[in-house]
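Line by line, the protein sequences give chains A and B.
Going by my numbering, the first residue of the first sequence is number 22, and it counts up by one from there.
Going by my numbering, the first residue of the second sequence is number 22, and it counts up by one from there.
Encoded as structure tokens, the structure appears first; notes follow it.
Number of protein chains: 2
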Amino acid sequence: MLPSTERLLLGPGPSLIAPRVMRALGAPMLSHLDPDFVVIMDDLRARLERICRAPEGSFAFAMSGTGTSGMEVAVSNLVQPGTRVLSIVSGYFGDRLAQMSVRYGGEVEKVAVDWGRAVDPDAVRTMLGKTRAEVVTVVHAETSTGVLNPLEAIATVAREHDALVLVDAVTSLGGHPLDADGWGLDAVYSCSQKCLGSPSGLSPVLFGPLALERLVPCRGFYFDLELLEDYWLKRKYHHTMSASLIYALSEALTIVEEEGLEARWARHERHHRAFAAGLEAMGLSLLPPEGERLWTLNAIRVPEGIDDAAVRKHLLTKHNMEIGAGLGPLAGKIFRVGLMGASSTPELVTACLTALEDALAAQGFRAPAGAGAAAATAALA
Amino acid sequence: MLPSTERLLLGPGPSLIAPRVMRALGAPMLSHLDPDFVVIMDDLRARLERICRAPEGSFAFAMSGTGTSGMEVAVSNLVQPGTRVLSIVSGYFGDRLAQMSVRYGGEVEKVAVDWGRAVDPDAVRTMLGKTRAEVVTVVHAETSTGVLNPLEAIATVAREHDALVLVDAVTSLGGHPLDADGWGLDAVYSCSQKCLGSPSGLSPVLFGPLALERLVPCRGFYFDLELLEDYWLKRKYHHTMSASLIYALSEALTIVEEEGLEARWARHERHHRAFAAGLEAMGLSLLPPEGERLWTLNAIRVPEGIDDAAVRKHLLTKHNMEIGAGLGPLAGKIFRVGLMGASSTPELVTACLTALEDALAAQGFRAPAGAGAAAATAALA
């Protein structure tokens, strides 16, 4: 069975995919140890290192699985029974990192942050002083709340206490500035289907030199970093990588580098700001305060009395447009609109505002006609 | 970077992929919880159940990862510290199953079998009587040796001792008869890129009703079957499935069912027999004895004094044809020729024999000119 339609993907991911990337996906199959494929693997590693701004002595690769598999690679190779972990929990994915660390035997303490707010690095400093954690887990861009955590400041605090910084960059890599070398990030994982603009199924993973020094014995096999290093670096068979997904990610990263990281970040910022201006003109508000907002994912408060599911259904059925719902405690309370990768365009900003105006009107929420698109257009000018 | 060529894939996998499947791979992206996608997921589950001949009350799904990820799903949800496991080790993948069971805390005993031979079910019976194992792990089609293990008989023995049967069907599903219901198989995993004819990156997994009753707490998160069931059955978010790979697998399974399972098995058998006749006419021999040979993967002894790597390189560079090398103790001793899925055709049987004749001749091994292809053609007639 195949899809009946081509959606406008403005949810929390997957994002739209450039035609070049789709064509790469369909390139001829090669086996995982073919001499041609090995060259593609090396090229991909180098691209990932550049895009993460990896320090000398890092190991970057693409895990054969989704972003959650990358999370588990990071946790299962750095947390073992007894490892003291400090998990910053400011949303669903921060909580998932804490849960996973517990599963791997970590003694997990949390810095709990209200959903919708960024963590205060001073709170992290205080807790680190108390817990002497060896690993700090943090979500850079919290997909569930639309909040950007101050990663550089957190990493600085962690380094003061000689703790490793384990970073979820699923909704930031390729959309927000991230500098593993400059900021001192030790382990970073992301996904392929959001700001990087490829199909899901691969997770870019980076281990910096300090993390590589402090690996713990991995209990699993699929996620064992030593086996993965042997595969990527020494061509020792571990699993049969999906060449199709590797081609697509490779092409997507080529596009990222052609655009330039700074230009790409600026594009995500510009379209977010235009979208936010449009929302404001429509009488809508974002959950996070100014200065803590993601450029890649907009968490919009559902107006009082409006049924969020009806709005999303209207968008899907009348406008063929997908946006996301709230997760956990935010279910029914926010919409999540992703403007990531190929989905971050001026046309989609205004199209989404216009469709949202229509869908909200159908539920009884009347924004001034055309105000959203007009404000966004003005902001883009 | 993209591949420079379209190889004739006759190694241990990936196999060639039908154009229909490649086109499905490029179908428009849908998100993992899109109403359209959910229908595709349900259809895929039903197809996997039919292709595995699953008993009532099974749970079949596609794990977002390669065959090795499927192996880890099976092991990590059925083996916990203290679980008594009997692992049949007749090759590289049987050994990997044993290793993985140890990683998950299993008390693993092995039935060791010479590489190149099938296990004797009586040896399994004896060991089961001694060890009272709760789980028996077995590789149906041992990719490293080209051997078919007598799965039905092994499952019968395991059932006599009330042990669960955990089956690696990576190189058999879709190429050799497999009947989870009729034979009493409790957990089965496979891959997408061999006999099923899709790109790698997904692992079909089946848990039968008894296995579902005897789940152990899974230490991991990505492989936790309860979370995976909640995702596939209750749409509770777990990870962002790769829609592209799901489309391709769905199309590949459609082709399997259009051909018919019995017809497909017969095709694999017919082409294997023709290929084996050709090899014999060329003075080459297969590692496993008659009756223990896979139809899907042919383990050919490297003739005395021949450099296997030079032969494989000749095939790759002069004929654009990939075949596999030996693994572990069989490195340098066998070639592995896969005739699986879309790679199992009369044309590729004769093309491979002809190319092999040329490549071996370049290394000083002279087979009677055209004898291989002629014998295969006669066998196919």
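Backbone N, C-alpha and C define an ideal beta-carbon position, used for all residues, glycine too.
Contacting residues, own chain, Cβ-Cβ under 7 Å from residue i (five flanking each side not counted)
i, result
"residue 335 of chain B", "380, 383"
"residue 250 of chain A", "80"
"residue 239 of chain B", "97, 98, 245, 246"
"residue 133 of chain A", "110"
"residue 392 of chain B", "302, 303"
Chain B within 8 Å of residue i, Cβ atoms only
i, result
"residue 243 of chain A", "yes"
"residue 273 of chain A", "no"
"residue 208 of chain A", "no"
"residue 350 of chain A", "no"
"residue 252 of chain A", "no"
"residue 394 of chain A", "no"
"residue 35 of chain A", "yes"
"residue 165 of chain A", "no"
Residue i versus residue j: straight-line alpha-carbon distance, rounded
i, j, result
"residue 277 of chain A", "residue 31 of chain A", "19 Å"
"residue 49 of chain A", "residue 262 of chain A", "14 Å"
"residue 29 of chain A", "residue 341 of chain A", "6 Å"
"residue 157 of chain B", "residue 88 of chain B", "19 Å"
"residue 108 of chain B", "residue 237 of chain B", "18 Å"
"residue 415 of chain A", "residue 147 of chain A", "Look at the range of chain A in this structure, 22 to 402, and you will see that residue 415 of chain A is not part of it."
"residue 93 of chain B", "residue 121 of chain A", "17 Å"
"residue 194 of chain B", "residue 319 of chain B", "16 Å"
"residue 354 of chain A", "residue 323 of chain A", "5 Å"
"residue 327 of chain A", "residue 378 of chain A", "13 Å"
"residue 396 of chain B", "residue 287 of chain B", "19 Å"
"residue 373 of chain A", "residue 53 of chain B", "20 Å"
"residue 230 of chain A", "residue 57 of chain A", "28 Å"
"residue 201 of chain B", "residue 207 of chain B", "7 Å"
"residue 222 of chain A", "residue 222 of chain B", "7 Å"
Bounding residues of the alpha helix (DSSP H) (the contiguous stretch that carries residue i)
i, result
"residue 158 of chain A", "Unbroken run through residue 158 of chain A is the beta strand (DSSP E), 156-160; no alpha helix (DSSP H)."
"residue 404 of chain A", "Look at the range of chain A in this structure, 22 to 402, and you will see that residue 404 of chain A is not part of it."
"residue 132 of chain A", "Unbroken run through residue 132 of chain A is the beta strand (DSSP E), 128-133; no alpha helix (DSSP H)."
"residue 66 of chain A", "56-73"
"residue 320 of chain A", "Careful: residue 320 of chain A lies outside any alpha helix (DSSP H), inside the beta strand (DSSP E) at 318-322."
"residue 202 of chain B", "201-204"
"residue 146 of chain A", "142-152"
"residue 114 of chain B", "113-124"
"residue 258 of chain A", "First-last for residue 258 of chain A: undefined, no H or E at that position."
"residue 93 of chain B", "88-97"
Cross-chain neighbours of residue i in chain A, by beta carbon under 7 Å
i, result
"residue 146 of chain B", "Correct list: empty, because the minimum Cβ distance to chain A is about 29 Å."
"residue 329 of chain B", "Chain A residues near residue 329 of chain B: none, gap ~14 Å exceeds 7 Å."
"residue 363 of chain B", "In chain order: nothing, as chain A lies at least about 10 Å away."
Residue i: contacting residues in chain B (beta-carbon distance under 7 Å)
i, result
"residue 216 of chain A", "What residue 216 of chain A touches in chain B: nothing, since even the nearest Cβ is about 14 Å away."
"residue 27 of chain A", "49"
"residue 340 of chain A", "None at all; the shortest Cβ gap to chain B is about 14 Å."
"residue 101 of chain A", "By Cβ distance, chain B contributes nothing, its closest Cβ being about 12 Å from residue 101 of chain A, past 7 Å."
"residue 116 of chain A", "Those within 7 Å of residue 116 of chain A in chain B number zero; the least Cβ separation is about 12 Å."
Extent of the continuous beta strand (DSSP E) run through residue i
i, result
"residue 356 of chain A", "355-359"
"residue 81 of chain B", "80-85"
"residue 210 of chain A", "208-210"
"residue 311 of chain B", "Taken as a continuous stretch (DSSP letters only), residue 311 of chain B belongs to no beta strand (DSSP E), as it is neither H nor E."
"residue 228 of chain A", "223-228"
"residue 175 of chain B", "No beta strand (DSSP E) contains residue 175 of chain B, which is instead part of the alpha helix (DSSP H) from 172-181."
"residue 186 of chain B", "185-189"
"residue 110 of chain A", "105-110"
Below-8 Å beta-carbon distance, residue i vs any chain A residue
i, result
"residue 73 of chain B", "no"
"residue 366 of chain B", "no"
"residue 89 of chain B", "yes"
"residue 220 of chain B", "yes"
"residue 38 of chain B", "yes"
"residue 107 of chain B", "no"
"residue 43 of chain B", "yes"
Own chain, CB closer than 8 Å to residue i, minus 5 neighbours either side, in chain order
i, result
"residue 128 of chain A", "103, 104, 105, 106"
"residue 210 of chain A", "84, 88, 91, 92, 94, 95, 188, 189, 190, 191, 224, 225, 226, 227"
"residue 352 of chain A", "346"
Contacts around residue i, its chain only, beta-carbon distance under 6 Å, and the 5 residues preceding and following it disregarded
i, result
"residue 172 of chain B", "161"
"residue 309 of chain B", "137, 167, 168"
"residue 273 of chain B", "42, 217, 218, 219"
Partners in chain A for residue i, counting only beta-carbon separations shorter than 9 Å
i, result
"residue 124 of chain B", "239, 240, 241, 242, 245"
Per-residue contacts from residue i into chain B (C-beta, under 8 Å)
i, result
"residue 212 of chain A", "261"
"residue 355 of chain A", "The premise fails here: residue 355 of chain A is roughly 15 Å from chain B at the closest Cβ pair, so nothing lies under 8 Å."
"residue 60 of chain A", "22"
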